[in-house]
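Each residue of the sequence shown is one higher than the one before, counting from 104 in the numbering used here.
Where is the CB? At the ideal position from N, CA and C, for every residue including glycine.
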Amino acid sequence: MAERTVVAWLGTGLMGAPMAARLLRQGHVVRVWNRTAEKTAPLAEQGAVVTTTPAEAVQEAEAVFTMLRDYAATRAVLEGQKLAGKTVVQMATIAPGESRRLQTLAEEQGGRYLEAPVLGSIPEAESGNLIVMAGGDEALFRRWLPLLRSLGKEIHRIGAVGQAAALKLALNQLIASLTVAFATSLAYVEHHGIDVDRFMAVLRQSALYAPTFDKKLPRMLSRDFANPNFPTEHLLKDIDLFLESAPGIDPQCLKAVRRLYRKALAGHRFEDYSCVFEA
104 MAERTVVAWL GTGLMGAPMA ARLLRQGHVV RVWNRTAEKT APLAEQGAVV TTTPAEAVQE
164 AEAVFTMLRD YAATRAVLEG QKLAGKTVVQ MATIAPGESR RLQTLAEEQG GRYLEAPVLG
224 SIPEAESGNL IVMAGGDEAL FRRWLPLLRS LGKEIHRIGA VGQAAALKLA LNQLIASLTV
284 AFATSLAYVE HHGIDVDRFM AVLRQSALYA PTFDKKLPRM LSRDFANPNF PTEHLLKDID
344 LFLESAPGID PQCLKAVRRL YRKALAGHRF EDYSCVFEA
């Protein structure tokens, strides 16, 4: 187990809550804050110290983990904090330039900064099997590696601040595009009356197969997209970030993918992104 550490955890949403709970189970002191206070109640039952403001959470912490919706929310929470001697570990999916601006903000307030976005969903967060991609100073990365190992099975230092953020967006672009590609083939198979089990049996034995197809297949077949691990709104935000930070890359394919997710979103607010099947 990693050395016992006092951690501030800012943001206890779909991913933040199970990740904070994981640190609690590893024996760390976790001081939590969330804009919607009711979402901290399950963590309080597990031993977290619930605070009423970000400043109260940060005050006694050595590391300040943020898992908030986007750059704007993260910046708003960090601005004005007393960060001397503390490290901000930013784990949400944001753009490379946004991450570098947060690094500047943290350093101006006396702190240090490490980006550490993750690949995986709620089950992986609960079991500590996330893939963590870190960007920042190598010595700082090594300082906090034991804590990151409490959250992930694979920890990769990608490079400087901004590079891990870019890699995470590259991977989320694949999530968006692969899901659209699979949904298109599944709809085509259904249209022609081909047995879905036969389609999947052939696909699973081919080089075309990706495990995400089997994860999303039950939702697409049942048309049940409720209780998402990753809401469509969040994936759309990441598609936009990718497009905004990808000069020189032809955007037409991804813009078509984005149109489909926007079409799906009209009838599926805060539901799983596999609802793109219906678009």
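Excluding the five sequence neighbours on either side, which residues of its own chain have a C-beta within less than 7 Å of the C-beta of residue i, listed in chain order?
i      : result
ILE261 : MET236, ALA237, GLY238, ALA267 and LEU270
SER253 : ALA105, ARG125, LEU126, GLN129 and GLY231
ARG372 : none
ALA313 : LEU281
GLU148 : none
ALA329 : GLU374
LYS340 : ASP173
MET122 : MET170, ALA228 and LEU254
MET323 : ALA286, LEU289, SER377 and PHE380
What is the rounded straight-line gap between the Cα of residue i and the Cα of residue j?
i      : j      : result
ALA304 : VAL161 : 51 Å
VAL153 : LEU117 : 17 Å
THR190 : TYR216 : 6 Å
LEU222 : LEU233 : 6 Å
VAL379 : LEU338 : 11 Å
LEU357 : THR196 : 18 Å
ALA369 : ARG245 : 44 Å
ILE297 : GLY200 : 47 Å
GLY142 : ALA151 : Per the sequence shown, residue 142 should be read as Lys rather than Gly. The straight-line gap from Cα to Cα measures roughly 12 Å.
ALA209 : ALA175 : 14 Å
Would you mind sorting residue i into buried or exposed? The rule is 16 or more other CB atoms within 10 Å of its CB.
i      : result
HIS295 : exposed
ASN137 : buried
THR155 : exposed
ILE352 : exposed
ASP375 : buried
VAL299 : exposed
GLU182 : exposed
So residue i and residue j are in contact, right, with Cβ under 8 Å, and what is the actual spacing, rounded?
i      : j      : result
LYS185 : GLN206 : Their Cβ separation, rounded to whole angstroms, is 17 Å, which puts LYS185 and GLN206 out of contact at 8 Å.
VAL132 : PHE168 : Incorrect: roughly 13 Å between the Cβ atoms, too far for contact.
ARG346 : PRO354 : Sequence inspection shows Leu at residue 346; the Arg mentioned does not correspond to that position. That belief holds up - the Cβ atoms of LEU346 and PRO354 are roughly 5 Å apart, short of 8 Å.
Using a Cβ-Cβ cutoff of less than 6 Å, which residues in the same chain neighbour residue i once the five nearest sequence positions on both sides are dropped?
i      : result
HIS259 : MET236
VAL360 : ALA279, SER280 and VAL283
PHE316 : PHE285
THR177 : THR169 and LEU171
LYS366 : ALA382
Please list the terminal residues of the continuous beta strand (DSSP E) segment that includes residue i.
i      : result
TYR174 : Not the beta strand (DSSP E): TYR174 falls in the alpha helix (DSSP H), residues 174-181.
GLY255 : 255-262
THR169 : 166-169
ALA237 : 233-238
What residue does the alpha helix (DSSP H) around residue i start on, and which one ends it?
i      : result
MET323 : 314-325
THR190 : Note, THR190: premise wrong, no alpha helix (DSSP H); beta strand (DSSP E) at 190-193.
VAL161 : 157-162
GLU336 : 335-347
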